[in-house]
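Colleague:
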Amino acid sequence: MKMAIAFKDVDLNFNLTINQTKLHRVSYKRLFYRTFDKKRFVYSFSFLAIFLFMFQILIDGNSCSNVSTCLSGNCSFEDTHKYPYGIPIGNGSRLPIPGTNQRLPEVLIIGVRKGGTRALLEMLNLHPDIQKVPMEVHFFDRTDRHALGLEWYRHQMPFTFEGQLTVEKSPSYFITPEAPKRVYKMNSSAKLLLIVRDPVVRLLSDFAQIEATRSEWKKKPRSFEDVALLSNGSVNFQYKAIQVSMYANYFRHWLEYFPLSQIHLVDGDRLIWDPWSEVRKTEKFLKLQPKIRQDQFYFNSTKGFYCLRTAEASKCLADTKGRKHPVVSDETISKLRKHFASNNRQFYVIAGRNFSWPES
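The opening residue of the sequence shown carries number -6 in the numbering used here; numbering runs sequentially from there.
The following block contains the structure:
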């Protein structure tokens, strides 16, 4: 009886061992296939990423028509416009074009807000020797960002070849008291572009943008007179948008650090109806070869302003540009013109240029 039980125990243990062995074999097979599937997935994904990358490079055309050509150092200045922050190589990574570096800007568009700074930047970027910074960095007007240092600022810049000019624009630089000194410490030889327009027109455009932003935040709409005039009908000097249009007050600060020879004034009103001539003057100021052509500007009758034409496509400013201005009475316009008249004349004197803005 005991022998029978012993044999049964041995048989049971033997069967258990066999079953465990089979189970391990199955587990090893599953592990093998899972590993194989993962490897196959990685290989397939990598192949697909390379294919898409090569396809993108191919459809971009020009001297970067294939990645080997571009990465071997045969890209042109124009190619940095396509890949300002390097050539995308998948997985969010980018590879700088050989021979390029991120450099601190030599040119700054310092203002003025709602004067046409974005339009000017896009127009200048038609020139192969110019590389724009696509976003507003706000390095010189925000203390928190300025505290990050010049190396942080440099790493916000696009990659450029030696000889290309990096152009950054942040309109609030113009009205920030600390900005002139900060820019001077970065580069005392920097060239500054200041685009100005009729102060009243600029004010109306500013108000339109402010109200559009308030509308997005579901805030109650206001009339222009509610904010621009006091209850007694006089001009509200405390309204910030009115202060921004008093150009002489801010321009004096910049002249404390930079000579007028390093500052180019762009006529923002003229830029709207005759952009090419204003851009040509700016090319000359920057000592660039005149490469921006008149046929690269065309009037878009639907939008009501000029758009840009490149070899690849046509480009207009965003719909947020060119907003409809508020309807304002002639009496209010006259009050504002008289308010700005004295400051305008001061600006003409220190700027060495008479813009002849209306005074009544």
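The C-beta atom is built at its ideal place from N, Cα and C for all residues, glycine as well.
1) Gly297 to Val320, Cα distance in whole Å?
2) State the Cα-Cα distance for the pair Lys162 and Pro127, rounded to the nearest angstrom.
3) Can you have a look at Lys212 and say buried or exposed, based on whether 16 or more other CB atoms are within 10 angstroms of its CB?
4) Can you tell me the Cα-Cα spacing of Arg245 and Arg346, whole angstroms?
5) Which one or two residues does DSSP pair with Pro252 in a beta bridge?
6) Would a C-beta distance cut-off of 8 angstroms place Ile188 and Val259 closer than the cut-off?
7) Could you tell me the alpha carbon to alpha carbon distance between Phe340 and Tyr299, rounded to whole angstroms?
8) Buried or exposed for Gly156, going by 16 or more other Cβ atoms inside 10 Å?
9) Starting from the C-beta of Arg96, find all residues in its chain whose C-beta is less than 8 angstroms away, skip the five residues before and the five after it, and write them out in chain order.
10) Fully enclosed by the stretch 256 to 309, which beta strand (DSSP E) runs are 3 residues long or longer?
11) Alpha carbon to alpha carbon, how far is Lys308 from Leu119?
12) Do you know whose CA, among Phe167, Ser165 and Ala201, lies nearest Lys317's CA?
13) CB Pro394 to CB Arg106, shorter than 8 angstroms?
14) With a threshold of 16 other CB atoms inside 10 Å of the CB of Val100, please say whether the residue is buried or exposed.
15) To the nearest angstrom, how far is it from the Cα of Phe348 to the Cα of Asn67?
16) For Asn337, does the count of other Cβ atoms within 10 angstroms reach 16, so buried, or fall short, so exposed?
17) Name the one or two DSSP bridge partners that Ile188 has.
18) Grab me the residues of Lys178's own chain with a C-beta within less than 6 angstroms of its C-beta, minus the 5 sequence neighbours each way, in chain order.
19) Tell me the rounded alpha-carbon separation between Ile222 and Phe133.
20) Which one of Ile235, Lys274 and Leu301 has the shortest CA to CA distance from Val193?
21) Do you know how far the Cα of Pro91 is from the Cα of His139?
22) Is the CB-CB distance between Val237 and Lys328 below 8 angstroms?
23) Cβ atoms of Gly142 and Gly261: under 8 angstroms apart, would you say?
24) For Gly85, count neighbouring Cβ atoms within 10 angstroms of its own Cβ and tell me buried if that reaches 16, exposed if not.
25) Please report the residue range of the beta strand (DSSP E) in which Gln236 lies.
26) Have a look at Ala241 and Phe333 and give me their C-alpha separation to the nearest angstrom.
27) Do you know whose CA, among Glu271, Glu352 and Ala311, lies nearest Lys331's CA?
28) Quick one: Cα of Met239 to Cα of Gly83, how far?
29) Could you compute how far the alpha carbon of Arg195 sits from the alpha carbon of Leu186?
30) Mapping the DSSP letters down to three states, classify Leu88 as helix, strand or coil.
31) Along the alpha helix (DSSP H) that carries Leu113, what are the first and last residues, could you check?
32) For Phe7, is the classification buried or exposed, using 16 other Cβ atoms within 10 angstroms of its Cβ as the cut-off for buried?
33) Compute the Euclidean distance between the alpha carbons of Glu71 and Pro121, then round it to the nearest angstrom.
34) Do Ile102 and Leu88 have their C-beta atoms within less than 8 angstroms of each other?
35) Any idea if Leu301 is buried or exposed, counting beta-carbon neighbours within 10 angstroms, 16 or more meaning buried?
36) Could you name the residues of the same chain whose beta carbon sits closer than 6 angstroms to that of Trp266, not counting the 5 residues immediately before and after it, in chain order?
Modeller: Taking the structure as given:
1) 18 angstroms
2) 9 angstroms
3) exposed
4) 15 angstroms
5) Partner(s): none; Pro252 has no beta bridge.
6) yes
7) 28 angstroms
8) exposed
9) Arg147, Met150, Thr153 and Thr159
10) 256 to 260, 290 to 293 and 298 to 302
11) 11 angstroms
12) Ala201
13) Because the chain here runs from -6 to 353, residue 394 falls outside it and cannot be looked at.
14) buried
15) 46 angstroms
16) buried
17) Val259
18) none
19) The sequence shown places Leu at residue 222, rather than the Ile named in the question. For Leu222 and Phe133, the distance between alpha carbons rounds to 32 angstroms.
20) Ile235
21) 30 angstroms
22) no
23) no
24) exposed
25) Segment Lys233 to Val237 is the alpha helix (DSSP H) holding Gln236; no beta strand (DSSP E) there.
26) 10 angstroms
27) Glu352
28) 49 angstroms
29) 17 angstroms
30) strand
31) Thr110 to Leu117
32) Below a pLDDT of 50, predicted positions are generally treated as unreliable, and Phe7, at 38, falls in that range; the measurement from the model is reported next regardless. So Phe7 ends up on the exposed side.
33) 5 angstroms
34) no
35) buried
36) none
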